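Asks: Dumping the structure here so I can ask a few things about it.
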Amino acid sequence: MPGQVDIPTLSDLSVEEVNVSSAVLKAAAHHYGSQCDKPNKEFMLCRWEEKDPRKCLNEGRKVNECALNFFRQIKGNCAESFTEYWTCLDYTNLAELRHCRKQQKEFDNCVLEKLGWERPQLGDLSKVTKVATSRPLPENPYHSRPRPEPNPVIDAPLEPAKHGSRLFFWNWDLEVGGSVPLGRGQFPPALGSDFLFRARQRERLCNTTPVQSARAGEQIRSALLFNCTSPDHLGSTGPTGNVRLGPI
């Protein structure tokens, strides 16, 4: 039935929990990672490939079963040394292992002597490994989407745009409306450095004569951009009156 989600029952999810504290887990982390390496990696591989926790319940039960058997073996063989070790971690600042090397050595010697477990070397548990599993590979383990269809071929001739390219930058004109007389060197307050820059460019362009100009047509450009249409603007000390600043 489309839209129906199958949820496992509570009996399927009911397992015996590992009731230990964080200090106990940290003290046993190295040996636990070494002894339960295969079920842990199979469970993580299933979660990554299936992307559905309902399909990995059996693998999760194996992880829980391995953890319970691991702590039962420690409790039955090295309970005293292990208790001293995790108690030391529990009472140290930030549960740092470097403060409990003496208790760690006693615990490692106990599990090596009675259980034959060697403490893994630094970096052994973080190596990239291949997992041999009997679970079949899903159809799309990477969950990749199908490629889109290619764009249709355009048969009509491609002509250039009527008004040319539209790739340009522009900004709004800055206008000071009303009857605010502004002389040379006088600027409206609180307009920022951008206004001052444009006003100085306006003065420079509007006051440039054809003799001073190094470019032909700068007078025309200044008239178009800064509204320097009055004959008094050419060669004068600067316009007075309302200011209209266009884009540079």
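Its first residue numbered 1325, the sequence shown is counted upward by one per residue in the numbering used here.
No residue lacks a Cβ here, since even glycine has one placed at the ideal position from N, Cα and C.
Small disclaimer: the values here were computed from a predicted structure and weren't measured.
Could you pull out every residue in the same chain whose Cβ sits closer than 8 angstroms to the Cβ of Y1409, ignoring the five residues on either side in sequence?
Replies: If we look at Y1409 and ignore the five residues flanking it on each side, its Cβ neighbours are A1351, C1424, Q1427, Q1428, E1430, F1431.
Asks: Which of helix, strand or coil does DSSP assign to C1412?
Replies: Reduced to three states, the DSSP call for C1412 is helix.
Asks: Give a yes or no on whether the C-beta atoms belonging to E1383 and F1367 are separated by under 7 angstroms.
Replies: In this structure, F1367 lies closer than 7 angstroms to E1383 by Cβ.
Asks: Looking at C-alpha atoms only, which residue of I1331, N1433, T1411 is the closest neighbour of A1347?
Replies: That would be T1411, whose Cα lies nearest to the Cα of A1347.
Asks: Going by beta-carbon coordinates alone, are P1363 and K1399 separated by less than 7 angstroms?
Replies: No, the pair does not count as a contact, with Cβ atoms beyond the cut-off.
Asks: Using the Cα positions of R1371 and N1388, report the straight-line distance between them to the nearest angstrom.
Replies: Going by the C-alpha atoms only, they are around 15 angstroms apart.
Asks: From S1450, L1337, A1485, pick the residue whose C-alpha is nearest to that of A1353; which is it?
Replies: Selected option, being the one with the closest Cα: S1450.
Asks: Taking only the alpha-carbon atoms, compute the straight-line gap between K1375 and D1479 and give it to the nearest angstrom.
Replies: Each residue's alpha carbon lies about 44 angstroms from the other.
Asks: Give the DSSP-derived three-state secondary structure of Y1466 in the structure shown.
Replies: In the structure shown, Y1466 sits in coil (DSSP, three-state: anything other than H, G, I, E or B).
Asks: Ends of the alpha helix (DSSP H) at W1441?
Replies: Here W1441 belongs to no alpha helix (DSSP H), and DSSP marks it neither H nor E.
Asks: Less than 7 angstroms between the beta carbons of S1358 and P1444, yes or no?
Replies: Yes, these two residues count as a Cβ contact at 7 angstroms.
Asks: Taking the alpha-carbon positions, what's the R1469 to E1373 distance?
Replies: One C-alpha to the other measures close to 15 angstroms.
Asks: Within the continuous alpha helix (DSSP H) that includes N1417, where are the two ends?
Replies: It is not in any alpha helix (DSSP H) - N1417 carries neither H nor E in the DSSP assignment.
Asks: For the alpha helix (DSSP H) holding E1374, just list the boundary residues, first then last.
Replies: First-last of the alpha helix (DSSP H) with E1374: 1361-1374.
Asks: In or out: L1413 buried (at least 16 other Cβ within 10 Å) or exposed?
Replies: So L1413 counts as buried.
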